[in-house]
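From first to last, the protein sequence lines stand for chains A and B. Note that our numbering gives residue 206 to position 206 of the first sequence, counting from 1, and the numbers run on in steps of one. Note that our numbering gives residue 1005 to position 5 of the second sequence, counting from 1, and the numbers run on in steps of one. For each residue, glycine too, the CB sits at the ideal point set by N, CA and C. See structure below.
2 protein chains.
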Amino acid sequence: MTTTESNAPSDTTNPTMTELRRRLGQVSDLGAAEAVMSWEQETSMPDEAARVRGLQLATLAGLTHELFTDAKTGELLDAAEPEAAQDTTDAAIVRVARRDFEKATKLPTEFVEEQTRAQNEAHHAWLAARKGSDFATFAPYLEKMMDLARREADLRGYDEHPYDALLDQYEPGMRVGTVKTIFADLRDRTLPLVQRITAAGDAADYSVLTRPFPAEAQKAFAWKLAGEAFGLHGTFARQDESAHPFMTNFSRSDLRITTRVEPYWPACLFGTWHETGHAMYERGVSERWERTPVSGGASLGVHESQSRLFENLLARSLPFWNRYFSQLQTAAPEVTAGLDAPALYRAVNRVSPSLIRVEADEVTYNFHIMLRFELELALLEGKLKVSELPEAWNAKMQEYLGLTPPDDAQGVLQDVHWSAGLIGYFPTYTLGNLLSVQLLEAAQQDSAIDEGVQNADYAPLLAWLTENVHQYGRSLTPTQITEGATGRPLSADPYVAYLHRKYGEIYGLEDVKD
Amino acid sequence: MTTTESNAPSDTTNPTMTELRRRLGQVSDLGAAEAVMSWEQETSMPDEAARVRGLQLATLAGLTHELFTDAKTGELLDAAEPEAAQDTTDAAIVRVARRDFEKATKLPTEFVEEQTRAQNEAHHAWLAARKGSDFATFAPYLEKMMDLARREADLRGYDEHPYDALLDQYEPGMRVGTVKTIFADLRDRTLPLVQRITAAGDAADYSVLTRPFPAEAQKAFAWKLAGEAFGLHGTFARQDESAHPFMTNFSRSDLRITTRVEPYWPACLFGTWHETGHAMYERGVSERWERTPVSGGASLGVHESQSRLFENLLARSLPFWNRYFSQLQTAAPEVTAGLDAPALYRAVNRVSPSLIRVEADEVTYNFHIMLRFELELALLEGKLKVSELPEAWNAKMQEYLGLTPPDDAQGVLQDVHWSAGLIGYFPTYTLGNLLSVQLLEAAQQDSAIDEGVQNADYAPLLAWLTENVHQYGRSLTPTQITEGATGRPLSADPYVAYLHRKYGEIYGLEDVKD
Chain A
1 MTTTESNAPS DTTNPTMTEL RRRLGQVSDL GAAEAVMSWE QETSMPDEAA RVRGLQLATL
61 AGLTHELFTD AKTGELLDAA EPEAAQDTTD AAIVRVARRD FEKATKLPTE FVEEQTRAQN
121 EAHHAWLAAR KGSDFATFAP YLEKMMDLAR READLRGYDE HPYDALLDQY EPGMRVGTVK
181 TIFADLRDRT LPLVQRITAA GDAADYSVLT RPFPAEAQKA FAWKLAGEAF GLHGTFARQD
241 ESAHPFMTNF SRSDLRITTR VEPYWPACLF GTWHETGHAM YERGVSERWE RTPVSGGASL
301 GVHESQSRLF ENLLARSLPF WNRYFSQLQT AAPEVTAGLD APALYRAVNR VSPSLIRVEA
361 DEVTYNFHIM LRFELELALL EGKLKVSELP EAWNAKMQEY LGLTPPDDAQ GVLQDVHWSA
421 GLIGYFPTYT LGNLLSVQLL EAAQQDSAID EGVQNADYAP LLAWLTENVH QYGRSLTPTQ
481 ITEGATGRPL SADPYVAYLH RKYGEIYGLE DVKD
Chain B
1001 MTTTESNAPS DTTNPTMTEL RRRLGQVSDL GAAEAVMSWE QETSMPDEAA RVRGLQLATL
1061 AGLTHELFTD AKTGELLDAA EPEAAQDTTD AAIVRVARRD FEKATKLPTE FVEEQTRAQN
1121 EAHHAWLAAR KGSDFATFAP YLEKMMDLAR READLRGYDE HPYDALLDQY EPGMRVGTVK
1181 TIFADLRDRT LPLVQRITAA GDAADYSVLT RPFPAEAQKA FAWKLAGEAF GLHGTFARQD
1241 ESAHPFMTNF SRSDLRITTR VEPYWPACLF GTWHETGHAM YERGVSERWE RTPVSGGASL
1301 GVHESQSRLF ENLLARSLPF WNRYFSQLQT AAPEVTAGLD APALYRAVNR VSPSLIRVEA
1361 DEVTYNFHIM LRFELELALL EGKLKVSELP EAWNAKMQEY LGLTPPDDAQ GVLQDVHWSA
1421 GLIGYFPTYT LGNLLSVQLL EAAQQDSAID EGVQNADYAP LLAWLTENVH QYGRSLTPTQ
1481 ITEGATGRPL SADPYVAYLH RKYGEIYGLE DVKD
């Protein structure tokens, strides 16, 4: 897959296609308006504005859905299809728009409304339950979420397993059987590593990770390197603060990342570079897909592969710190006092089984995901009752990470996803982790890219990612992208080997074998 | 007009009214989305995002217009009207929505499209012409603007004068005859004052106005007093920077003001308090009009009366500086060194005929407006040719202010309005100035308000403005508001008397009589 496709928007002369593109452009613009208002809500909106902003956002979501699912869209798709086939750009737009249209029109309005109401109620119940660490009050809402998920799967349709219908929303084409196979392989080959590291003990000094690093200096340093190392610049991007970090974008020239500043300063730095990975994906999507449904990332997993690649494979590497340690010294002299690049590299790569997913390291993170995947699958299949969930959660935490949560707030109630009806979402985090290494290794087959990575010069790598992943937007499936870019299907092999290589060395486990 | 109306939204049970309100709410929400995206564009958007943002804004404007002018809106208005009459809130909503609907549907789509294209072209031609101070290249575009204005007036319809149809867009109910009468009175009674002040000479030291005042300190001081003196707080408002200061809002609990920092620091301070006046108007509009076309100010003139009241009548008064001078000393010690409150008051009330409208003082400002009003009226009537405009402009500048612009960039080309097709807009600035004094004097009939104003305690005044002006939104016409609040029609008398009183004293013209 080495063809570089033209960046020029397709010069459509087919009048039906023009009308279809006009409508899809309106849908895209309404989506952008909603995204701007949501971003603004998280970054700068005055508190009292929240109530009306909620109504405004609901209107935009409703009008977008109405416009897109209108029968006229279906007619335009039918009418445009034959002529669109003459042009690869038009053909991809029609193909992706039709896929979206069919998905969007499969759920009756009454069902969507019931789901929205129930999710809203479940979310509020979850907030209260987490606060009081009281799973029992959340249980009936989770049962309702599972019931809705089963009904949604039936409405959407599936060949083998209802979970597939849900997973497909986030990872088009992925199947539960594939996830199970890959996850089992990953689990069997990394659980011994976790146990070895835990058993080895860890005498390193991690107090450096909370040394004084003023808030403005954290943000400025993270943003400076987002530009210098990874190519995210103020001419087409902004950095802001928000309670929960995220990336959003309103076009490929309008990227927004947010960060949060904490005493534990790696949260801001690596969080910023994580969002930078997401942003550079959107930046690399070809302009030919602008204001069409083909813009955006191929899937949550492919998106996560980019954020994790930047955050972990690059920014948590020794070459990165060899190159940028002196800048950190300038930005944060108190942090770096008495340290050198290898010592900093060592500190930001601590492995330690922990209770909370979002705080987990590269080695233990995927166990948090596997646990959630296994449990939500059992719930959906009816093999596990909601009432049995906390016990099952804690048992798996003990099995995988040797820990038992002191309460449900730090256990089964920690994540927002289930309360928001996001069943089938969790696996994409680990799929992204796996893909990140598989992609990087494929890119490093090119010696110029490999040399760049060894010297923390990422321009050649970025060009490869743009050519092999980013530019396609949603015109290719995750499988097509994975196989096109790496020559083989997604596998746990590269990730397992990477963990053993990196952490075997860090923890001096010289006999560790994958 | 002392009835305090309930703030509670109307509890509508009429199903047609409910459907109408739903549609009007959607129109309002789309307008809010457009406003958020426009505000964001001016305050924080990355440069490269501009092109796509323009397309997104055009889509929102188009969809808003389409939704509002759809035949269904007219049907709902017809159907809702009889039952709406039972409820004052519903009746006002239907009345204002119908007025807007009829205006919006009077212009054929082809005309609006032609107008939009021509305005866009004229705006770019104006930018280039102003840069090169070359009126001749802008002349054909201005001719086109005047031609479109005449056609628009014919399409909108009018009883006596085509100018009325244009003016009515900005100042509902105002007529060119009334403007002429009021302006002639104002001109005849203030031109001698300008001439007396100019003749008297001015030995005051104005270097204080450009003494060092760091940018962040300017903004912080302006914002602090916007809250402390005028009631604009961060829980429902924000201050940002932009190239041209403005106020916008997305609900009455989501107000945004922008400012610009210059070496001439009064621009930031008084500019902020000007926008604060606009913001507090929107803040005071009753919640009952939320997400309906009745929200917002009654007219540009009434809006300007509030901004000018805050900026000039309050913030450029001696009591204001008596109260807040010590805070300015803390915020800007270099500015205030060797000064006291009366000296500062004196400095920020300099009268000096100047070429540029937006830099003009309270005494000369209205001559800039009268000049523009007279010229655009003559152009519309065909009594003045576009080619004769620069000469006519310069002659009037000499007549009113004793100045001749050195070039057209500092003369006839200085303002954006005509290039944007805004014919009939200028008078509202002066109408607002006049109304500001008429309102303040009416309020000061109440001794508690008067005492507050003398001590720069504006809470009683603000309550009066909310009750007599703000709360009504667009449910009353400017005339109804003016007469209801002040007991008489708009007149130049209070403003003329105010100028003579204030500037007679400042310039020691003790024999000056109105």
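Item, Value
"Cα-Cα separation between V1176 (chain B) and R1117 (chain B), rounded to whole angstroms", "28 Å"
"Limits of the alpha helix (DSSP H) - the one that R288 (chain A) falls within", "That residue, R288 (chain A), is in no alpha helix (DSSP H); it is neither H nor E in DSSP."
"Cβ-based burial, A229 (chain A) [other Cβ within 10 Å; buried from 16]", "buried"
"Opening and closing residue of the beta strand (DSSP E) in which R1238 (chain B) lies", "1237-1241"
"Residue from B:L1434, B:D1087, B:D1070 whose Cα sits closest to the Cα of H1303 (chain B)", "B:L1434"
"Three-way DSSP call (helix, strand, coil) for L440 (chain A) in this model", "helix"
"Nearest residue (CA-CA) to E1388 (chain B), options B:S1307, B:D1185, B:L1142", "B:L1142"
"Residue burial classification, R1022 (chain B) (beta-carbon count within 10 angstroms, cutoff 16)", "exposed"
"Continuous beta strand (DSSP E) stretch holding V1255 (chain B): start and end", "Checking the sequence shown, residue 1255 (chain B) turns out to be Leu, not Val. Run containing L1255 (chain B): 1254-1259, per the beta strand (DSSP E) assignment."
"E311 (chain A) burial status per 10 Å Cβ neighbour count (16 or more: buried)", "buried"
"Selection from B:Y1264, B:W1265, B:A1226 that minimises the alpha carbon distance to R1256 (chain B)", "B:A1226"
"Closer than 7 Å at the beta carbon, the chain A residues around S1044 (chain B)", "R238"
"Rounded straight-line distance, which links the Cα of K385 (chain A) to that of L401 (chain A)", "23 Å"
"Where S28 (chain A) falls: helix, strand or coil (DSSP)", "helix"
"Own chain partners of F221 (chain A) with C-beta closer than 8 Å, once the 5 adjacent residues on each side are dropped", "L269, Q327, L328, A331, A332"
"Buried or exposed (CB count within 10 angstroms, at least 16 for buried), A1199 (chain B)", "exposed"
"Within chain A, the residues that L1380 (chain B) reaches when beta carbons sit closer than 9 Å", "Going along chain A, no residue has its Cβ under 9 Å from L1380 (chain B), so there is no contact; the nearest lies around 36 Å."
"Beta-carbon gap between T430 (chain A) and N366 (chain A) smaller than 7 Å", "yes"
"Near-chain B residues of the stretch 57-85 of chain A (beta-carbon distance less than 9 Å), N- to C-terminal order", "L57, A58, T59, L60, G62, L63, L67"
"Helix, strand or coil at E5 (chain A) [DSSP, three-state]", "Residue confidence for E5 (chain A) is low, a pLDDT of 39 falling below 50, so the modelled location carries little weight; the figure read from the coordinates is stated next. Reduced to three states, the DSSP call for E5 (chain A) is coil."
"V1348 (chain B) versus B:L1375, B:N1014, B:S1317, B:I1356, residue with shortest Cα-Cα distance", "B:S1317"
"Any non-hydrogen atom of the ligand ATP within 6 Å of A1463 (chain B) CB", "Inclusion of the ligand ATP in the displayed structure is not the case, the ligand content being empty and no account of it being possible."
"Beta-bridge pairing of T248 (chain A) - partner residues as DSSP gives them", "A:R256"
"W1464 (chain B): first and last residue of the uninterrupted alpha helix (DSSP H) it sits in", "1459-1468"
"Cutoff 7 Å; reference E81 (chain A); Cβ partners in own chain excluding five residues on either side", "V94"
"For T1088 (chain B) and E1005 (chain B), the rounded distance between their alpha carbons", "Note that E1005 (chain B) has pLDDT 40, beneath the 50 cutoff, so the model's placement of it is unreliable and the number below is only indicative. So the alpha carbons of these two residues sit roughly 10 Å apart."
"Neighbouring residues, chain B, relative to A220 (chain A) (Cβ below 8 Å)", "Here the premise fails: no neighbours, minimum Cβ distance about 16 Å."
"Every unbroken alpha helix (DSSP H) within the stretch 109-160 of chain A, with a cutoff of 4 residues, ordered by chain", "109-132, 135-156"
"Unbroken alpha helix (DSSP H) run spanning L101 (chain A), endpoints", "Per the sequence shown, residue 101 (chain A) should be read as Phe rather than Leu. Where F101 (chain A) is concerned, the enclosing alpha helix (DSSP H) stretches over 88-106."
"Partners in chain B for A32 (chain A), counting only beta-carbon separations shorter than 7 Å", "Q1056"
"Meets three-Cβ-pair contact criterion under 8 Å: the stretch 390-407 of chain A and the stretch 354-363 of chain A", "yes"
"Backbone secondary structure at W273 (chain A) - three-state DSSP", "helix"
"Residue-chain proximity (Q1410 (chain B), chain A), Cβ-Cβ < 7 Å", "no"
"Spatially closest choice to F1426 (chain B) from B:L1490, B:D1168, B:L1107, B:L1439, by CA coordinates", "B:D1168"
"Segment contact, 8 Å Cβ cut-off, at least three pairs: the stretch 370-382 of chain A with the stretch 144-163 of chain A", "yes"
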